[in-house]
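To start, the structure itself, in structure tokens.
Residue numbers (the numbering used here): 9 to 515.
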């Protein structure tokens with residue numbers, strides 16, 4: 009706040025100073041928690057959303073204090089308002105505009121009583137919202153008959169429906185899917201939200217809608233996975249999914265495998281995509297079956313099951329430096345660990361090079377890596393072997409070094425090929441939404457429910473990767489499928505075939 013905007017009242021100044029000290033202390037505490045979340049041992053870390061909640065609270069209190077000050081200091085209110093107008097940016101051009109003219113009542117000059125003429129105007133925009141509202145689409149089909157003959161009644165055929173005899177339109181079902189799989193709202197919570205608008209939709213009814221939609225979307229999921237398999241480079245990872253096991257009266261642990269194609273770091277022309285595949289276990293034959301026909305580079309963590317896939321000869325494994333780094337990081341964080349800390353400094357040099365070539369062409373990346381990363385890799389490998397001979401072979405440090413050296417060829421593939429990333433973070437990012445949904449839903453109700461999860465989440469997350477609105481996409485895709493979209497043109501319904509302007513036109 010500028011000095012000339014401070015109040016003259018001594019008690020008010022004291023109160024403002026005390027409030028500022030309290031907020032500063034609260035911010036310092038949140039920063040400490042963020043540092044613990046980022047750098048602490050895994051057992052001590054806090055969920056990221058908890059950190060965000062803490063920051064939200066501080067920002068809310070700050071805004072409340074500003075509102076209080078605005079009441080007593082009009083000059084500061086005007087100054088803050090001007091700053092907001094500068095920093096807030098422009099509202100999207102595609103949003104509908106409703107103009108409100110605020111004009112004077114009397115257009116007579118108060119001095120000479122002559123007629124005022126318009127010399128300009130001030131224009132401002134605010135973001136308004138119309139709350140989500142249900143509506144009823146009533147379809148009427150007139151019947152016709154001929155007075156001269158008795159050939160029967162003529163009537164237009166009924167429009168196709170996703171759920172025959174059901175209530176929802178495709179847009180309504182798409183909203184349920186996006187709320188569940190993108191916004192992580194379980195169906196029972198959605199039912200509660202709809203009840204506030206007087207719409208009584210039982211959770212089981214919503215589940216019926218989801219099941220029908222998942223069945224219709226299966227061909228798209230299968231085609232998406234097939235298109236990803238045709239890529240020459242894929243990322244792969246897997247995460248656990250608790251699945252209800254009624255026979256044993258508890259949950260079992262299934263797996264959602266994620267396969268990602270993303271050529272954006274080297275400006276490739278193929279669109280990014282992710283396909284999830286559910287499996288009841290983590291056996292090595294699962295990725296072998298999922299990636300049948302795939303030939304190329306598969307970037308993975310250290311899971312041994314991928315080696316069997318590589319042994320078939322068509323797949324070359326590129327390993328993840330982030331996973332290798334994590335072993336040294338966990339050793340260096342608790343206390344003094346000179347060798348582990350030195351290993352982290354070596355690894356940081358590689359990431360510094362990668363930061364500088366992100367978004368460059370594959371050939372530019374390859375040349376830079378050959379010139380800069382190759383000497384670092386040779387030095388680092390020699391250093392690792394030397395340190396391994398100096399330490400106990402039974403400790404965690406020796407285990408971390410052996411992990412790196414046993415995968416050294418796969419870890420250094422990226423130096424020879426500008427299309428390969430240094431780590432597996434592309435697929436790690438695609439796993440996070442699954443973890444959020446898992447946290448809110450607790451478990452999948454069955455193997456079939458987990459398969460639905462994989463199908464719908466694949467399409468939604470691929471929409472996000474391609475900057476496509478999932479709600480508009482699913483609405484249009486379901487509508488076209490129900491109306492008999494030919495299977496020979498199924499590629500037209502994949503998420504990357506859509507653009508935002510196309511979806512706005514559809515809507």
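Using N, Cα and C, we set each Cβ at its ideal position, and we do this for glycine too.
At a Cβ-Cβ threshold of 8 Å, residue 357 and residue 396 do not count as neighbours. Within the model, the alpha-carbon separation for residue 408 versus residue 328 is close to 14 Å.
Residues 237 of the same chain have their beta carbon placed closer than 6 Å to that of residue 301, with the five preceding and five following residues left out of the count. Assignment of residue 324 by DSSP, reduced to helix, strand and coil, places it in the strand class. The beta carbons of residue 428 and residue 241 sit closer together than 8 Å. A straight line joining the alpha-carbon of residue 372 with that of residue 380 spans about 12 Å. Bounds of the alpha helix (DSSP H) holding residue 184 are 178 to 189.
Secondary structure note for residue 457: its alpha helix (DSSP H) is the uninterrupted segment 455 to 473.
Straight-line measurement puts the Cα of residue 102 at about 17 Å from the Cα of residue 132.
Assignment of beta-bridge partners to residue 265 by DSSP yields 246 and 285. Listed in chain order, the non-local C-beta contacts of residue 308 below 8 Å within the same chain comprise 243, 244, 245, 314, 325, 326, 327, 328 and 432, local neighbours out to five positions each way being set aside. Residue range 304 to 308 is occupied by the beta strand (DSSP E) that includes residue 304. Under the three-state reduction of DSSP, residue 251 is assigned to strand.
Residue 210 and residue 199 do touch by the CB rule: their CB atoms are close to 7 Å apart, below 8 Å. Taking one beta carbon from each stretch, the region 454 to 461 and the region 149 to 165 have fewer than 3 pairs nearer than 8 Å; the two do not touch.
When rounded, the separation of the alpha-carbon atoms in residue 368 and residue 430 is 14 Å. With contacts defined as CB atoms closer than 8 Å, residue 264 and residue 249 qualify as a contacting pair. Contact annotation: the region 268 to 286 touches the region 461 to 473, with at least three C-beta pairs closer than 8 Å. When DSSP reads this structure, residue 241 sits in a beta bridge with 305. The Cβ-Cβ distance between residue 339 and residue 404 falls below 8 Å. Its Cα nearest to that of residue 305, the residue 426 stands out among 261, 426, 503 and 123. When Cβ pairs closer than 8 Å are counted between the two stretches, the region 164 to 179 is seen to touch the region 477 to 492, the count reaching three or more. In this structure, the CA atom of residue 202 is about 15 Å from the CA atom of residue 217. By the 16-neighbour rule on beta-carbons within 10 angstroms, residue 142 is exposed.
Relative to residue 104, the option among 135, 204 and 114 whose CA is nearest is 135.
The distance from the Cβ of residue 336 to that of residue 318 is about 25 Å, inconsistent with a contact at the 8 Å cut-off. With respect to residue 482, residue 185 sits close: the two C-beta atoms are nearer than 8 Å.
Rounded to the nearest whole angstrom, the C-alpha separation of residue 229 and residue 266 is 12 Å. Annotated three-state conformation of residue 483 is helix, per DSSP. Residue 311 sits in coil when the DSSP states are folded into three classes, being neither helix nor strand. If the five residues before and after residue 376 are omitted, its C-beta is found closer than 6 Å to the C-beta atoms of 365, all from its own chain and listed in chain order. Beyond the five residues adjoining it in sequence on each side, residue 270 comes within less than 6 Å, by CB distance, of 280 and 434 in the same chain, given in chain order.
For residue 358, the enclosing alpha helix (DSSP H) stretches over residues 346 to 365. Between the region 117 to 128 and the region 175 to 182, the count of Cβ pairs shorter than 8 Å is below three; the stretches do not touch.
For residue 278, the closest of 297, 232, 322 and 355 by C-alpha to C-alpha distance is 232. About 12 Å separates the CB atoms of residue 479 and residue 503; that is not less than 8 Å, and the two are not in contact.
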